[in-house]
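Visitor: Protein chains in written order, with this note's numbering: chain G, 2 to 1039; chain E, 584 to 747. Dumping the structure here so I can ask a few things about it.
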Amino acid sequence: MSDIVEKTLTALPGLFLQNQPGGGPAAAKASFSSRLGSLVRGITALTSKHEEEKLIQQELSSLKATVSAPTTTLKMMKECMVRLIYCEMLGYDASFGYIHAIKLAQQGNLLEKRVGYLAVSLFLHESHELLLLLVNTVVKDLQSTNLVEVCMALTVVSQIFPREMIPAVLPLIEDKLQHSKEIIRRKAVLALYKFHLIAPNQVQHIHIKFRKALCDRDVGVMAASLHIYLRMIKENSSGYKDLTGSFVTILKQVVGGKLPVDFNYHSVPAPWLQIQLLRILGLLGKDDQRTSELMYDVLDESLRRAELNHNVTYAILFECVHTVYSIYPKSELLEKAAKCIGKFVLSPKINLKYLGLKALTYVIQQDPTLALQHQMTIIECLDHPDPIIKRETLELLYRITNAQNVTVIVQKMLEYLHQSKEEYVIVNLVGKIAELAEKYAPDNAWFIQTMNAVFSVGGDVMHPDIPNNFLRLLAEGFDDETEDQQLRLYAVQSYLTLLDMENVLYPQRFLQVMSWVDASLSFLDGFVAEGLSQGAAPYKPHHQRQEEKLSQEKVLNFEPYGLSFSSSGFTGRQSPAGISLGSDISGNSAETGLKETNSLKLEGIKKLWGKEGYLPKKESKTGDESGALPIPQESIMENVDQAITKKDQSQVLTQSKEEKEKQLLASSLFVGLGSESTVNLLGKADTVSHKFRRKSKVKEAKSGETTSTHNMTCSSFSSLSNVAYEDDYYLNTLHDRGDKELKTFSLNSELLDSESLTELPLVEKFSNCSLSTPSLFADNSMEIFHPPQSTAASISFAKESSLASSFLEETTEYIHSNAMEICNNETISVSSYKIWKDDCLLMVWSVTNKSGLELKSANLEIFPAENFKVTEQPGCCLPVTEAESTRSFQYSVQIEKPFTEEILSGFISYHMMDTHSAQLEFSVNLSLLDFIRPLKISSEDFGKLWLSFANDVKQNVKMSESQAALPSALKTLQQKLRLHIIEIIGNEGLLACQLLPSIPCLLHCRVYADVLALWFRSSCSTLPDYLLYQCQKVMEGS
Amino acid sequence: MIKFFLMVNKQGQTRLSKYYEHVDINKRTLLETEVVKSCLSRSNEQCSFIEYKDFKLIYRQYAALFIVVGVNDTENEMAIYEFIHNFVEVLDEYFSRVSELDVSFFNTVFHGTWQAHSSPYQIMFNLDKVHIILDEMVLNGCIVETNRARILAPLLILDKMSES
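Next up, the structure:
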C-alpha cells in the first residue's frame, strides 16, 4: 500500500517540487524565516493562554493553506514544518501537516529532507499508519551514494520505524556494518539496536555482527554496540560472560586515557562510556565470583582514577560504587567504595549529598553498618529543608527498618506524609508505611493507630490491597485468640474516638474499613456488659439480618452497608455508632466505652510493643490483662518519644543539646543494624522496647533492670571501630582455643561436659559411649525432645545394650535419642527412638518379641499425618522375627507444614505361629525441635541473611547463675536446641539454625549482667516465636 | 533511560520538547506545566533532582532557561546532569560557529550574564537545528554520542552543502 501512495505522491511533482521562478522565492524565503521568528516572539510576549490559542489557530490555518498550495516550494515547506513542529510542541494539533512531512522527507534535498525526517519523527508514533509511507523513502536513501542521506535514513530508522517493515531494510543496514565510514557503521549499529528493541527475534541472526561491532577499531561504533549489549545482558547475563574480558579491557583503556582526546569531557575520558561499561560489568558480575574476579582490578583503578573534583567524576564514582556492591564482593574494594560514599554524603554540594544517600540506600542492603557510619548525616538529611533529600532519606530508612526502629521510622514517614500533597508521593509512602506496620508492628495500639493514619491520609487513592490486607489480618487473626480480641477491640475503640471528633471528614475507604471491622460485633460484648452494668439500655442489634448474611458469606465483605456509604465522607458526628457500629449501642454504653479511649490520640503513633503480640505465649498473660487496653505502656512511650522528638519543637536548645538529641534519634533509628558496633548506640531504643515488652509480656522480668548496664549512646565512631577490632582479635584467640579443645575432645569423651563450644555433630563421633553410658548431652536431649509420654517407660528394657548394638550402622553417625518403650503387651514390646539426621528425622521403632514363640509377618503402619510426610526406609523389614529377637522399622519423617507439637501414631500388627493375629497401637510426640538443625554459615552470610529476613522477635531472658557467662549460655542453646554458634564477639553471639528442609533462622544474643537479650530473625514467621519460646524454656529449665 | 528532554523558559513556555516514549499531545502540555512548576519551586540550595511521579527530573538552569530531563530510576542522575551541560556546550559551539551575531550567547550563559530573552530566540529560530543536534546525542532514550565534534559533524556538512 505504501508503495502505491508513495508513487502517487511522486506522480504529482508539480505540486511540491517545482521551484518557483522569478523573484518569488527570495521574498518568500525572507518572509518565511521571519514568520517563525515573529510567531515565537508573539507567543513569548503573550500572557494569557487564550491569546496564545488565538494566535496559534491563526498560524495553523495559514500554514494549512500554505502546505497544500501548489506554489509552495520545498524550502518554504521546510519552514512550514518547523512552524508546525512549534505549534504541536505547544499542544496544538497539526496533523494536517503529517503527510507533508513525509513528502518533504521524500522529495526534499539535504536540509529539507532532514527536516522532513525530523518532523516525521516528532509527529508520528511507532504504530502510526502514515509511517508506512516513509519506508520507500528510507530504502531509497539507504542506497543513496550521498552519505549524508544514508546518515539521515539511518537516524530516522533508529528513531521510528514500523516493525513489520524491518525485513525491507534489514539487509541494507547489515551491509552498512562494513561501511568504511565510522559514522555509517555507528548509525547502522544504532538502527539495529532499535530493531532489537522492537523486534528482538528479527535481529537474532546478527549477534555475531554485534560482536564485530564491539571490537570495531572506532570507539564510537564500539560504544554504540554497548547499548545492545547492556540490554541483552540485562535480559540474560549468562549468555555473555565470555565477553567480560573484552568489556574489562575496553574500560581499562578508557580509564587509562587511551581514547582520542576529543572523547574527553572536561578532561575526563569518555565519562558516559565508562558509566555504560560499569553498568554492564555490574550485571555480568552479579552472583558470579569467577566473572567478578576478572573486573576487580579495573574497578579498583576506576575508583582510584576518578579523583578529579568534577561532577562527572562523581557520576562515574557513583556507578563504580554501585557496580562494586552489585558484583561478588571483595572486601578491599568494598572498603574503598564505602570511603567513596563518605565523600558523597559529607559533601557540602547538595547534588552530591543526594547521590550519596542514593548510593547508601543501595549499599546498606548489603552492608548495614554503613548506615551506622553515616548515621549523623542521615539524621541531618532527615530534617533537611529540601523535601527531596528528606524523601530519599526516608527511602533509605525504609530499607533498614526492623522491629526495633519501626516506630521512629514510621513516625518520620507520617510526618512527611502529612506535608505531602502530591498524590503519587502519598500513594507510595502510604503503601510503605502499611507494609512496615504489618511487618513490624510492635503492638496492637500502635498498629491500629498507624493504620488509622494510613487510612485517613491515604484514603481513596491508596492501593486497595492495603485495606484488604488489613481487614484480612483482623478477620483471620493470629494464633492467639485473646490477642486477636484485643486487636479488634482496640480497632473499634479507636474508630469510636475518631468518629467522635467533630468536623472531621474521613475518606470513604476508611469509613468502609471501620464499618467492616464493626460488622460482627462479637468482641464488643465486654463493652456492652459494662454499659449495661452502668445502667445503659439493653443491647438490641437491629441489624441481625445483615449479621446473619455476613456469617454465611464468610468472606471479606467490603461494603456491608453499601447503601449508607454511597455518599462519601461523613463528619464524625454524622456517622456515630449507629452507622459505624451498625448496632444501637445506646448513648450511654458508647460513651462509657469512649471514656476509656479518650486519652488515645491519633498522633500517638509512637507506641511500642513487641512482635510477641503474635506470640503463642499464653502462660505469661494473666486474665485481667486480656481485656485491658495497653494504655499505661503508651504513656511511658510517649515520654520517651517526646524526648526524642523534642528538637522539633524547641529551636532554642543549645547546640550541644541538639546534638545530643540527634544522637538520641540516631540511636533509635539505627538500632539493630550491624552487630558489634551498635552496642553502645543501641542503648536507648532497646531499653524502650524492652520496657514495654516486659510489662505486657514477661511478667517475671522487672522493669529497670535492663537499663542499668546500658551505656548511653554516642561514643565516637573511631573508638567504636577500635572496639570492634579488639573484639575480632579476641575472637580469633577464642577460635584458636576452640580448635585445641576439639583435638582434646577426640581423645576424651568426658570432656563433653566441659565449657566447650564445639559443634553438636562432633559429639556424634562418640555415639558409642553416649549409648552405653548416656552422656549429659543425651540425657538432656531426651528431656527436651521427649517429654515423658508414657508411664510404661519405666519398664526397663531388658536388652538395652543389645538393642543399641543392633542399631543400623548408619544411625551411629547421627545423634539420636535414647530408646524408649512406647507400648507393650504380653507378646511384644515396642520401643522407639529418634535419629536426628541432617536432612530429616528418622524414626525407628523396635519390636521385641518377648514371648519366645515365633512371630510371623510383623507389620508396622503409620497413620497418615497432616503435617508430615512419612516414608518407610527400605531394607528394614525382616520377614520373620525370631523368638526373643528384635526387629526395627525405620521411617523418615519430613515436615510438610510447620507446627509446634504433633503426635505421630500407628500400629503394629503381627501373626503368631497359630495364625492368631493381633494389633498394638502406639503414638509418639514430635516437636518442631526435631526438625531443627544447625546452620553452618559465616558471619558475613549471617549479616546478609539477617537483613533479608522480615520476621523479627526480640526478648530478654534472665540467665540462671550456672550459665551466667555467654559461652556457657550459648553452649546450652547449642546442645539443647541445635543452634550453630557462628561467632562470639565480646558479649555478643551469633547463632544460626534451620528448620528442615531449609528454612533458616538466625539468633543474635547479647548478654549484660544476668540478662540475655535474644533476637531472632527468619524468613518464616512462626520460627522466631517458636525458638524464642524454646530458648526461654531451656534457659529457665537449666 | 531518558523519557523526555525539555527546554522551558521561566514563564513556563516550552522551547523544545522531545519525548522518547509516546505521550499524548494533550497530556504533554499538562506534564510540561507541572514539570516547570516543580523546577521553579526549587531554590539554589536544593538539589537538581526531583522525584516526579514514577520518574525523576534532572534540571539545570541557564539564565531564564531550564533544561529538564525526565528519566526512569535506572539512570545516574549526575551523569544526566552533566549530559545537559554537554548538550549546552555543543549548542554553544554550533551557534558560535554558524552565527556571527549570536557568538556570545552561550558563552555569557556560563558567566551568568545571559540576557533572558536573547538566547531562547536563538534556539527557537533554529528549532530544527537544535533537534538535529539532540538526535545525534540521544536515541531511544539512550545517550549515544557525547563527542562534540562527532555530534556536530553531520549538521555542519548539511549546512555546508546547503550553502553551496
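Beta carbons are placed, not taken as given, at the ideal position from N, Cα and C, and that holds for glycine.
Taking 9 Å as the threshold (beta carbon to beta carbon), is E:S664 in contact with chain G?
Guide: Position 81 of the second sequence holds residue 664 of chain E. Residue identity check: residue 664 of chain E is Tyr in the sequence provided, not Ser. Chain G contact via Cβ: present.
Visitor: Taking DSSP as the reference, what is the three-state secondary structure of G:S818?
Guide: Within the first sequence, the letter at position 817 stands for residue 818 of chain G. Three-state DSSP puts G:S818 in coil, outside helix and strand.
Visitor: At the 9 Å Cβ level, is E:I608 part of the contact set with chain G, yes or no?
Guide: Counting from one through the second sequence, the residue named residue 608 of chain E turns up at place 25. So, interface residue.
Visitor: Could you check what DSSP says for G:A106 in three-state terms: helix, strand or coil?
Guide: The sequence position of residue 106 of chain G within the first sequence is 105, counting from 1. The answer is helix: DSSP assigns G:A106 an H, G or I state.
Visitor: Taking 9 Å as the threshold (C-beta atoms), are G:Y326 and G:Y363 in contact?
Guide: On the first sequence, residue 363 of chain G is found 362 positions in, with the first residue counted as 1. On the first sequence, residue 326 of chain G is found 325 positions in, with the first residue counted as 1. Remark: C-beta atoms of G:Y363 and G:Y326 approach each other more closely than 9 Å.
Visitor: Closer than 9 Å between beta carbons: that is the criterion. Which residues of the region 720-736 of chain E meet it against chain G?
Guide: L722, N723, C725, I726, V727, E728, T729, N730, R731, A732, R733 and A736
Visitor: Tell me E:Y642's beta-bridge partners as DSSP assigns them.
Guide: For the purposes of this step, residue 642 of chain E is taken as the residue at position 59 of the second sequence. Beta-bridge pairing links E:Y642 to E:V651.
Visitor: Please name the residues in the region 62-85 of chain G whose beta-carbon is closer than 7 Å to at least one beta-carbon of chain E, in chain order.
Guide: V83
Visitor: Are E:L741 and G:V83 close, meaning C-beta to C-beta below 9 Å?
Guide: If you number the second sequence from 1, residue 741 of chain E lands on position 158. If you number the first sequence from 1, residue 83 of chain G lands on position 82. Contact flag unset, no.
Visitor: Thinking just about the alpha-carbon of each residue, which of G:L123, G:C824 and G:D461 is nearest to the one in G:I100?
Guide: Here residue 100 of chain G corresponds to residue number 99 of the first sequence, with the count starting at 1. Comparing Cα positions, the closest option is G:L123.
Visitor: Could you give the distance in angstroms between the alpha-carbon of G:T451 and the alpha-carbon of G:R392?
Guide: The sequence position of residue 451 of chain G within the first sequence is 450, counting from 1. The sequence position of residue 392 of chain G within the first sequence is 391, counting from 1. For G:T451 and G:R392, the distance between alpha carbons rounds to 19 Å.
Visitor: Could you tell me whether the Cβ of G:H375 comes closer than 9 Å to any Cβ of chain E?
Guide: Numbered from 1 along the first sequence, position 374 holds the residue referred to as residue 375 of chain G. At a cut-off of 9 Å between beta-carbon atoms, G:H375 makes no contact with chain E.
Visitor: Given that G:H387 touches chain E, what residues does it touch there, using C-beta distances under 9 Å?
Guide: Numbered from 1 along the first sequence, position 386 holds the residue referred to as residue 387 of chain G. According to the sequence as given, residue 387 of chain G is Asp; it is not His. Correct list: R625, S626, E628, Q629 and C630.
Visitor: Cβ closer than 7 Å: which chain E residues qualify as neighbours of G:T45?
Guide: Walking along the first sequence from the start, residue 45 of chain G turns up at place 44. Under the 7 Å cutoff, chain E gives Q596.
Visitor: In the structure shown, what three-state DSSP assignment does G:L1028 receive?
Guide: Your numbering for residue 1028 of chain G matches position 1027 in the first sequence. Three-state DSSP puts G:L1028 in a helix.
Visitor: Got a sec: is the Cβ-Cβ distance from E:D637 to anything in chain G below 9 Å?
Guide: Residue mapping note: residue 637 of chain E aligns to position 54 of the second sequence, counting from 1. It does: the Cβ of E:D637 has a partner Cβ on chain G nearer than 9 Å.
Visitor: Pop quiz: G:M1036 and G:M913 are said to be a contact at Cβ under 8 Å. What is the actual Cβ separation, rounded to whole angstroms?
Guide: Indexing the first sequence from 1 puts residue 1036 of chain G at position 1035. Indexing the first sequence from 1 puts residue 913 of chain G at position 912. 50 Å between Cβ atoms; not a contact.
Visitor: Determine which residues of the region 133-154 of chain G have a Cβ less than 7 Å from any Cβ of chain E, and write them out in chain order.
Guide: V149 and C152
Visitor: Residues of chain E with CB under 7 Å from G:E89, in chain order?
Guide: In the first sequence, the residue the question calls residue 89 of chain G occupies position 88. Under the 7 Å cutoff, chain E gives I608.
Visitor: So the alpha helix (DSSP H) G:Y87 belongs to, where does it begin and stop?
Guide: For the purposes of this step, residue 87 of chain G is identified with residue 86 of the first sequence, where counting begins at 1. L75 to M90 is the extent of the alpha helix (DSSP H) around G:Y87.
Visitor: Between G:Q975, G:I904 and G:P968, which has its C-alpha nearest G:I933's C-alpha?
Guide: Residue 933 of chain G sits at position 932 when you count from the first residue of the first sequence. In this structure, G:Q975 is the residue among G:Q975, G:I904 and G:P968 with its C-alpha nearest to the C-alpha of G:I933.
Visitor: Counting only C-beta atoms, is G:E127 closer than 9 Å to chain E at any point?
Guide: Here residue 127 of chain G is taken as the residue at index 126 of the first sequence, counted from 1. Output row for G:E127: interface = yes.
Visitor: Let me see if you follow: with CB-CB separation under 9 Å, is G:P201 close to chain E or not?
Guide: As a working note, residue 201 of chain G is residue 200 in the first sequence. No, its Cβ sits nowhere closer than 9 Å to a Cβ of chain E.
Visitor: Quick one: grab the DSSP three-state call for G:A271.
Guide: Residue numbering aside, residue 271 of chain G sits at position 270 when the first sequence is read from its first letter. In the structure shown, G:A271 sits in coil (DSSP, three-state: anything other than H, G, I, E or B).
Visitor: I want to verify the contact list: residues of chain E whose CB lies under 7 Å from the CB of G:I351, in sequence order.
Guide: The residue you call residue 351 of chain G lines up with position 350 of the first sequence. Ordered by position in chain E, the residues that pass the 7 Å Cβ test against G:I351 are E628, Q629 and C630.
Visitor: Mind checking G:K79: buried by the 16 CB within 10 Å criterion, or exposed?
Guide: On the first sequence, residue 79 of chain G is found 78 positions in, with the first residue counted as 1. Residue environment analysis places G:K79 among the buried positions, since at least 16 neighbouring C-beta atoms fall within 10 angstroms of its C-beta.
Visitor: Taking the alpha helix (DSSP H) that G:C216 belongs to, which residues open and close that run?
Guide: Walking along the first sequence from the start, residue 216 of chain G turns up at place 215. First-last for G:C216: undefined, no H or E at that position.
Visitor: When you compare each of G:L131, G:M153 and G:E130 to G:K141 by their alpha carbons, which one comes out closest?
Guide: Looking up residue 141 of chain G in the first sequence gives position 140. That would be G:M153, whose Cα lies nearest to the Cα of G:K141.
Visitor: DSSP state of G:P998, grouped into three classes?
Guide: Mapped onto the first sequence, residue 998 of chain G falls at position 997. Looking at G:P998 - three-state DSSP - the assignment turns out to be coil, as it is neither helix nor strand.
Visitor: So who's on the other strand from G:K959, going by DSSP bridges?
Guide: Taking the first sequence and counting its residues from 1, one reaches residue 959 of chain G at position 958. According to DSSP, which records beta bridges pairwise, G:K959 is partnered with G:V1012.
Visitor: Classify E:K586 as buried or exposed, calling it buried when 16 or more other Cβ atoms lie within 10 Å of its own Cβ.
Guide: Translated into the one-based positions of the second sequence, residue 586 of chain E becomes position 3. Buried, because 16 or more other Cβ atoms sit within 10 Å of the Cβ of E:K586.
Visitor: Looking at chain E, which residues of the region 195-219 of chain G have a Cβ within less than 7 Å of any of its Cβ atoms?
Guide: K195 and L198
Visitor: With distances taken Cα to Cα, identify the nearest neighbour of G:R42 among E:S679, E:R598 and E:L739.
Guide: Within the first sequence, the letter at position 41 stands for residue 42 of chain G. Per the Cα distances, E:R598.
Visitor: Between the region 312-329 of chain G and chain E, which residues of the former have a C-beta closer than 7 Å to a C-beta of the latter?
Guide: N312, V313, Y315, A316, F319 and E320
Visitor: Let me see if you follow: with CB-CB separation under 9 Å, is E:K601 close to chain G or not?
Guide: Residue mapping note: residue 601 of chain E aligns to position 18 of the second sequence, counting from 1. The beta-carbon of E:K601 is placed less than 9 Å from the nearest beta-carbon of chain G.
Visitor: Assign E:L722 to one of three DSSP states: helix, strand, or coil.
Guide: Working through the second sequence from its first residue, we reach residue 722 of chain E at position 139. E:L722: strand per DSSP, three-state reduction.
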